[in-house]
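J.:
2 protein chains.
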Amino acid sequence: MDTTRLLTHEIANAVLDAPAPLHASECPVEKWLAFLGHRWNALILWHLKAGPLRYGQLTELLVGVTPKVLAERLSALEDAGLVSRRLGLGFPRTTTYALTGRGVSLVTILDALELWAKGN
Amino acid sequence: MDTTRLLTHEIANAVLDAPAPLHASECPVEKWLAFLGHRWNALILWHLKAGPLRYGQLTELLVGVTPKVLAERLSALEDAGLVSRRLGLGFPRTTTYALTGRGVSLVTILDALELWAKGN
DNA sequence: GCGTGTTGTATCCATTTGGATAGCACTCGG
DNA sequence: CCGAGTGCTATCCAAATGGATACAACACGC
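Right, dumping it as C-alpha cells:
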C-alpha cells in the first residue's frame, strides 16, 4: 500500500472538499458581516434595542417578514448569542425576545455604522 | 375620470410593486451590512488597509476568488465610494486599487467589529 | 370538544448568486 | 506577426435562500 499516495489523496480531499465552501470564511469579521448582512437580522437587533419584544410584535414591526423567516432569524440570533428567548407563563403562551449583553455591545457598533452611513 | 380611484390605483401600484423588493431595505445600515456581508468585500477592504494593491495581487491574496467575482466586487466597491481605481501608465497595463477616505473610516468600524468578535 | 390566540413548522418554488471555464483587449519586444 | 503579461469580460450552471401558503401545537374557557 502506497502510504504516501494515500496521504496525498487524503490531503487533496481535505483541500478539495472545501474550495467552494460557500462562505466558510476563516475571517471572523467577514463571518459576522455575512450574518448581519442577512435580511432582517440587523433590523431585529435594532428594534430590540428599545426593549424586549414578543414574536407577534416583531411580526408587526418587520413589515413583510414571513413566519418562517422570522423564526429562522430569531433562532439564528439566539444561537449566535445575541438575543435571548424567554417563554411566558400564562395563556396564551408568549415568547419574549431580548438583547443579550453581547447583543447590546454589538448594537453599539451598528450605531457607529449608522453614524458613518449618515456622515458625508 | 375618477381621480381618486386613479390615485388609489397608483399608490397601490407603488406599494404593491415593492412587496418583495428583494432587499430594497429602507434602512441604510441594513443596506450597508448587506453590502459588506457579500463575500470578499470586507476582505478586500481589509487587505487594502495596508496599502494600494493591483488586481493581480488581490487575486493572489484572495484565495479562491474568480476573476469575474473579483472584478464585480471591485467595481461595486468603487461605486460605493470605498475604493479608488488608478490606471498605470507603463506596460503591461496595471490597475491599482486603494482605499478612499471613506473607505478608511469604514475600515475603522470594521476594526471595532473585529475587536468585538474577539472579545469574550 | 371546539373555537380562540400565540407561536411557530412544513412544504414547495422562483429567483438570485457565486463560481467554473474560456476567451478577449491592450501593448510591447523581437 | 506573434507571444507574453496584465486585467478583465462572456456564458452557463448548480446550489442556496427568501418567500408564499398552509397547517400544527398548545392551553384555556365555554
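Heads up: the sequence lines are chains V and S, in that order.
Residue numbering for the first sequence follows numbering that gives the first Met the number 0, starting at 0 and increasing by one per position.
Residue numbering for the second sequence follows numbering that gives the first Met the number 0, starting at 0 and increasing by one per position.
We treat Cβ as the ideally placed atom computed from N, Cα and C, and that holds for glycine.
How big is the Cα-Cα spacing for L50 of chain S and L98 of chain S?
T.: Strictly speaking, residue 50 of chain S in this sequence is Gly, with Leu absent from that position. Their backbone Cα atoms lie some 8 Å apart in a straight line.
J.: Is there contact here, the segment 49-68 of chain S with the segment 56-64 of chain V, by at least three beta-carbon pairs under 8 Å?
T.: Output reads no: the segment 56-64 of chain V does not touch the segment 49-68 of chain S.
J.: Considering just the uninterrupted stretch of the beta strand (DSSP E) at A97 of chain V, what are its terminal residues?
T.: Counting along the chain, the beta strand (DSSP E) containing A97 of chain V begins and ends at 94-98.
J.: With DSSP as the reference, identify every bridge partner of R53 of chain V, one or two as the case may be.
T.: Answer is V:T95.
J.: Applying a beta-carbon distance threshold of less than 9 Å, which residues of chain V neighbour S104 of chain S?
T.: Under the 9 Å cutoff, chain V gives W115, G118.
J.: Determine, using beta carbons only, whether I43 of chain S and R84 of chain S come nearer to each other than 8 Å.
T.: The answer is no: Cβ separation not under 8 Å.
J.: For V64 of chain S, which of helix, strand or coil comes out of DSSP?
T.: Here V64 of chain S sits in coil by DSSP.
J.: Along chain V, in chain order, which residues have C-beta atoms closer than 7 Å to that of L42 of chain S?
T.: Within 7 Å Cβ-Cβ: C26, E29.
J.: Using a Cβ-Cβ cut-off of 8 Å, state whether L98 of chain V counts as contacting chain S.
T.: So no, L98 of chain V is outside the interface.
J.: With 16 as the cutoff for other CB atoms within 10 Å, does L52 of chain S come out buried or exposed?
T.: By the neighbour-count rule (16 or more Cβ atoms within 10 Å), L52 of chain S is buried.
J.: So with CB distances below 7 Å, who are the chain S contacts of A111 of chain V?
T.: Result: I108, A111.
J.: Any C-beta of chain S sitting closer than 8 Å to the C-beta of A75 of chain V?
T.: It does not: the Cβ of A75 of chain V has no partner Cβ on chain S nearer than 8 Å.
J.: Determine which residues share a DSSP beta bridge with S83 of chain V and list them.
T.: Looking at the DSSP assignment, S83 of chain V forms a beta bridge with V:A97.
J.: Spatial neighbours of W115 of chain V within its chain, please: C-beta separation below 7 Å, excluding the five flanking residues on both sides.
T.: No residues qualify anywhere along the chain.
J.: Leaving out five residues on either side along the sequence, give the residues of the same chain with a beta carbon under 8 Å from the beta carbon of L81 of chain V.
T.: Hits under 8 Å: L44, L98, T99, R101, G102, L105.
J.: Can you give me the start and stop residues for the alpha helix (DSSP H) that H46 of chain S sits inside?
T.: Where H46 of chain S is concerned, the enclosing alpha helix (DSSP H) stretches over 40-47.
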